[in-house]
Amino acid sequence: MIRKVIGTAFLAAAIIAPLSASAQGVPGGVERGAREGERAAGPVGAIVGGTIGGVVGGVTGILGVDQQPRFRSYVVEQHRPSYRYQGDIRVGAELPEAGVTYYEVPQEYGVREYRYTVVNDRPVLVDPRTHRIVQVVE
């Protein structure tokens, strides 16, 4: 019985990992991974697929890999001023409350809880409560 469950989980993981790579962010990855895993291997596959999809979605960031170039183009078209920052532009860096202007992310990108700004000519997503960078859009 245990071998069947492990075998099924392994099979689901092998099928789900490539499919989840195109998922958009953690929530999208979990949802898609669970759906595809359940289709491939039933309830165990849904659990494994949701977990793998969430991990893959987290690796690709809040904006999915396919959304980043489009979002970057959107930001360039908006001609937002760039804030000059002396520190490293990286996930987790905390921007100051004053002097930085934060903008709403358009609904089409599905990002409701974060704002964006431009730092050293690079678009970044920021948590508006903490002012921490949550994604550098490449």
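What the sequence shown shows, in the working numbering, is residues 958 to 1095, in sequence order.
All C-beta atoms, glycine included, are put in the ideal place defined by N, C-alpha and C.
Residue range 1089 to 1093 is occupied by the beta strand (DSSP E) that includes Q1092. Relative to R1037, the option among Y1071, Y1066, N1077 whose CA is nearest is N1077. Remark: C-beta atoms of R1029 and P1080 approach each other more closely than 9 Å. Residue Y1040 holds the alpha-carbon nearest to the alpha-carbon of Y1059 among Y1040, Y1031, G1049. Judged by their CB atoms, R1089 and G1049 are nearer to each other than the 9 Å cut-off. Per the DSSP secondary-structure output, P1080 pairs in a beta bridge with V1075. Y1066 carries a helical assignment under DSSP once its states are collapsed to helix, strand and coil. In the structure shown, Y1042 adopts coil according to DSSP, grouped into three states. Going by beta carbons, V1094 and V1083 fall outside the 9 Å limit.
Between the alpha carbons of Y1073 and I1019 lies a gap of roughly 12 Å. Where V1032 is concerned, the enclosing alpha helix (DSSP H) starts and stops at 1025 to 1035. In the displayed model, E1054 falls within coil according to three-state DSSP, outside both helix and strand. Sixteen is the threshold: since fewer than 16 other Cβ atoms of the shown chains lie within 10 Å of the Cβ of G1044, the residue is exposed.
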